[in-house]
Structures are given as structure tokens and as C-alpha cells.
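Chemist:
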Amino acid sequence: MLDLKLIKNNLEIVKNGMEKRRAKIDFTSLINNDDERKTLLLEIEKLRHKRNVVTDDIAKIKKAGGDAGSLIEQMRAVSETIKKLDKTLSTIEEAIHDFLVTLPNIPHEDVPEGLDDTENRFEKTHGEPKKFDFKAKPHWELGEDLGILDFTRAAKITGARFPLYLGKGARLERALINFMLDIHTSDHGYTETLPPFIVNKTTMTGTGQLPKFEEDLFKLEGWDYYLIPTSEVPMTNIYANEIIDESILPCKFTAYTPCFRSEAGSYGRDTRGLIRQHQFNKVEMVKLTTPETSFEELESMLANAEKILQLLELPYQVVTLCTGDLGFAATKTYDIEVWMPGQDDGGGKYREISSCSNCLDFQARRAGIRFRRKDKKKPEYVHTLNGSGLAVGRTFAAILENFQQADGSVIIPDVLVPYMGGQKVIQHDA
RNA sequence: GGAGAGGUGACCGAGCUGGCUGAAGGUGCACGCCUGGAAAGCGUGUGUAUCCUAACCGGGUACCGAGGGUUCGAAUCCCUCCUUCUCCGCCA
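For the first sequence, my numbering assigns the number 0 to the initial residue and increments by one for each residue that follows.
#1: So, helix, strand or coil for N177, using DSSP?
#2: What is the residue span of the beta strand (DSSP E) that W434 lies within?
#3: Using the DSSP secondary-structure output, state which residues sit across from E283 in a beta bridge.
#4: Using the Cα positions of S230 and R50, report the straight-line distance between them to the nearest angstrom.
#5: Check each candidate in S246, G146, E312 and R350 and name the one with the smallest Cα separation from V430.
#6: Report yes or no: do three or more beta-carbon pairs, one from the region 326–341 and one from the region 394–411, lie closer than 8 angstroms?
#7: Is the beta carbon of K306 closer than 8 angstroms to that of I176?
#8: Taking 8 angstroms as the cut-off, does the region 29–45 touch the region 130–138 (at least 3 CB pairs, one atom from each stretch)?
#9: Grab the span of the beta strand (DSSP E) containing R369 for me, first residue to last.
#10: Got a sec, what are the start and stop residues for the alpha helix (DSSP H) N9 sits in?
#11: Using 8 angstroms for Cβ pairs, my map puts L389 next to I352. What's the rounded Cβ distance?
#12: I need the straight-line Cα distance from E18 to D115, nearest angstrom please.
#13: Quick one: give me the first and last residue of the alpha helix (DSSP H) that Q342 is part of.
#14: Per DSSP, H382 forms a beta bridge with which residues?
#15: Output needed for I91: all residues of its chain with C-beta closer than 8 angstroms, excluding positions within five of it in sequence on either side, in chain order.
#16: With 16 other CB atoms within 10 Å as the buried threshold, where does R372 fall?
#17: What three-state label does DSSP hand T322 in the structure shown?
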């Protein structure tokens, strides 16, 4: 959520930001509503003040045994008026709020302008895309042939876009989760958390999934509860509506959770394999920081995600999302795209495997996450960041495709061997 | 699922036979005094939001889990919901 004062005082900056996002937004009703709100508020508060004073007098008169009948009669009318005005006021306030919660964050000045993902800015590349002297297979073929992935039976159990890992496949997924969590907690200083996978409406609104993107979520029937699309949601909300001490910043959380997404509007895209599932595993990183450090924390978060890929010896590139591709709550986002040699019929392709974003105070304002500096009175909003570290299912897929052998077996990256009980290769079960 | 007890400021804890209580008292914290230094002691201060204002100076208003209601007036009475705890039942 953007600060209403910022909008009023710097309307051009805000308008400009929305234009960069290709969002057409008319602010006149907002401005009018806010003016009306102030007028109304002033009137109501005057009346309340009057009532408070007179009510005091009534108490005194009654105590002295006098008759306060006419004053009471007057105040009855005043209270009626207050009630009426209050009603209009809350209608207006609701309208203002409804407007503000659907307004996206303003893109950072460093973010390139563009319409869609084709205009994202290339930042860097790491590692050489692997070349094979045979035709690289996509991970779904490798996985099914090895008997470690079974999409057909998953579809029987639930439906399309659900994964079923078997045997060494399930073990590899678990190995990746443990490996990532270990690195982030031991080497990168994150606190491990295991949050609820189901959250309420307030929590979803805090991080920005609601009210605008309800169709992307799975909702529990008969409840105001939703399955999380990412653990960013529960983790960022840990300190919602609290004023925390400056000394705990930057506050760094990591978690493994499954993620649930309806993938509405993506019919026909990535229909095969682990790339786009209704349920997938992810290790997520979340940071709460002071405003002045959030951008350097974004860089280090990106580095934390990159580190996982480097250790796994997976080639990747980094891009900065352009304004048209930027998420609702983010002001700046880096995407890490891993090289997947089995995609595009063996031609290979970079696919998103992590997304690291700085949301500034956008989420903090919605969720009410503030901190107090040592010698300052007023609490300030923290800055929130989130990043995948990494999407586990896609990492699994990338390993299969990058470490495949001519015979269809898959070499386990060295760092994962201990997590696989010493096993170095996944091959057809003998 | 059944029975009961709570949710007050950073924390503990009064108030809950409605009115001078934004809220006693204590702890903590901050600053000052005291001291060779420290402890103890003493003094002062110490919520958030919003509006008026040049102002985080001053003033108004609101907030005692959330939302409604009764009343001239509610932390205090009534209703609904959320939540915590205890006991019983059930269950991974």
C-alpha cells in the first residue's frame, strides 16, 4: 500500500510510476474523497468535543443534585448527528482504503521500462550452458524413465499439475530442501521457520495477494482461509501489527513449505513436467530491514540464491524485471533463470528458478510492521524483501536435465551426495 | 465436541456496583542529581493513530482483543466474533 500523503504531495511521481507499469489509474476520486474525509472528520471531532464537555457538566450537575434534563436532551440530538456523520465518514474511508489496496507499488528508478518479460534487462551469466553429444531430454522424460516421477498417477490421485515423486526422486527433493535450508541457516544467517501452510485473509492482504489476486489462490470452502502460494506470505507477516526493536533488524527468515497456486490463466503453458504445478516445494527467504539498507540487502539476498545454484553447479543468468513484468508489491525484482538443456526439444532454455524482490514499505504498511530506532520516538515502517532460495521442483528438474547421461541416468551433484546417503548416481532400478 | 476462566500501556497488574481513568501501582527504559567509581537512593520523563498547526511546541479526537448495541456519557452493562488458558472427551 502506498502512503496516502505521498500520493497527495507527490501525485506526479505516483502517476508516473503507474504509467510505467502500464496501469491506467484515475486519482481524482481519491483526492476528492480525502478532502471530504478531512472536512467531515473535523466536524465530527468538534461535535465530540462538545459532547465530552457537556457530558462532564451533566455529571457535575447530577452530583450536586440538580436537573440536567435539557442538557441531556441536547446531547441526545448531538449524538444522533455524530452517528449519522460517522456513517458517511466510514463509507468514504472504506472507499479510500479499497482504492489504496488495489494500487501496485511504484517501480524503482533503476527498473527498465518495458511491456513484458522480453524487455527484462540482462545482468549477468554464470557457468556455461552444458553441451551434450547426444540429444538432451526434458526432465519429465528422464524422471518417468527412471521411475522417480509419475505424472500419470499423480493426475489419477488429484488431477493435472500435481507431482508424484517416487523412490530416489522423493529422496532427491528432500535432499534439496535440506541442503538449501542448511546453507541459508549456517552460511547465510537466516533463521529457519516452519510456518502455517494455510493463512487467513488479513495475512494474504498484508503481503498483497488479496484483494486483487484471489483467482490465483486456493481457498478453503466455508473458511476465510487460503493455501499459501509462497511462504513469503506467512513469514513476512510474522511481525504484522507490531512495533519491533531496531536491534533485531535486519531480520532474516527462511522456510521450506509447499506452495499452492491455481495458475489461472496459464492453461496450455508448461503442461508437462515440474515447471508449472498447482503444488510445488520452495525454500524461501524473507528479510525485514531498515529503509536505508534494503537495497544492499536485496543484493545479498540475490547472492544467497545464486550461491545455491553455484554449489549445485547449475548454469544460470540474472535479469532485472522490467516495469511490465514486475510483481504487484515489488519495487525492484531480480529473476534468476537456470539453464535447462532439455527444454525446447533439446535446444535448451533459461527458466526462472528464483525471484528476489524489494518491496520497500509497501507490504509493511499493509501489514503494520514497524520498528523503533534507539533514540527516536516515532515508529517507522520496515522494508520487506523476499526471494526464492530456490524453487525446489524446478531445481530438481534442472539437475535432471543438466546432469543427465547418454544412458538416461543422472549424476548427483557433489554437494548433494551426503544428503542422498552417499549415492552418486540415479539410474534405472535394478 | 462438553464445562469453566481470561484477553488492559514495553512488561506485570489495579479498575469492571457506568461519569474528573489514556487509564492507579509496580517493573523496565531514558535523562538528570547523588558517588572517586558503581550499586542503592532521589527527581523528571516514557503508547499509537489521526486532525488543526510552520512544528515530533501546543491543542482536539479516537483507541483498555475485534465489531455492533444500550446510555447524555462505557475499559466498566448487553450481543456477536476472534483468541489464550484449565478440566473432560476424541484424535495424528
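All C-beta atoms, glycine included, are put in the ideal place defined by N, C-alpha and C.
Modeler: This is what the structure holds:
#1: Indexing the first sequence from 1 puts residue 177 at position 178. Helix at N177.
#2: Nothing about residue 434 can be read from this structure; the chain reaches only from 0 to 429.
#3: Taking the first residue of the first sequence as 1, we reach residue 283 at position 284. E283 pairs with A254 and S387.
#4: The count along the first sequence starts at 1 and reaches residue 230 at position 231. The count along the first sequence starts at 1 and reaches residue 50 at position 51. If you take the alpha carbons of S230 and R50, they lie about 49 angstroms apart.
#5: No answer is possible for residue 430: it lies beyond the span of the chain, which begins at 0 and ends at 429.
#6: yes
#7: What you label residue 176 is simply residue 177 of the first sequence in a count that begins at 1. What you label residue 306 is simply residue 307 of the first sequence in a count that begins at 1. No. Outside cutoff.
#8: A contact is defined here as three or more CB-CB pairs under 8 angstroms, and the region 130–138 fails this definition with respect to the region 29–45.
#9: The sequence position of residue 369 within the first sequence is 370, counting from 1. Start and end: I368 to R371.
#10: Stepping through the first sequence from its first residue, residue 9 is reached at position 10. Unbroken run through N9: none, as it is neither H nor E.
#11: Translated into the one-based positions of the first sequence, residue 389 becomes position 390. Translated into the one-based positions of the first sequence, residue 352 becomes position 353. Between I352 and L389 the Cβ distance is about 5 angstroms, and since that is below 8 angstroms, they are a contact.
#12: Position 19 of the first sequence, counting from 1, holds the residue named residue 18. Position 116 of the first sequence, counting from 1, holds the residue named residue 115. C-alpha separation (whole angstroms): 14 angstroms.
#13: As a working mapping, residue 342 is identified with position 343 in the first sequence. Unbroken alpha helix (DSSP H) run through Q342: Q342 to G345.
#14: In the first sequence, the residue the question calls residue 382 occupies position 383. DSSP output for H382 lists T288 as bridge partner(s).
#15: Counting from one through the first sequence, the residue named residue 91 turns up at place 92. These residues qualify, in order along the chain: N32, E35, R36 and L39.
#16: Sequence index remark: in the first sequence, residue 372 carries index 373 (1-based). When all chains shown are included, R372 counts as exposed.
#17: Counting from 1 along the first sequence, the entry for residue 322 is found at position 323. In the structure shown, T322 adopts coil according to DSSP, grouped into three states.
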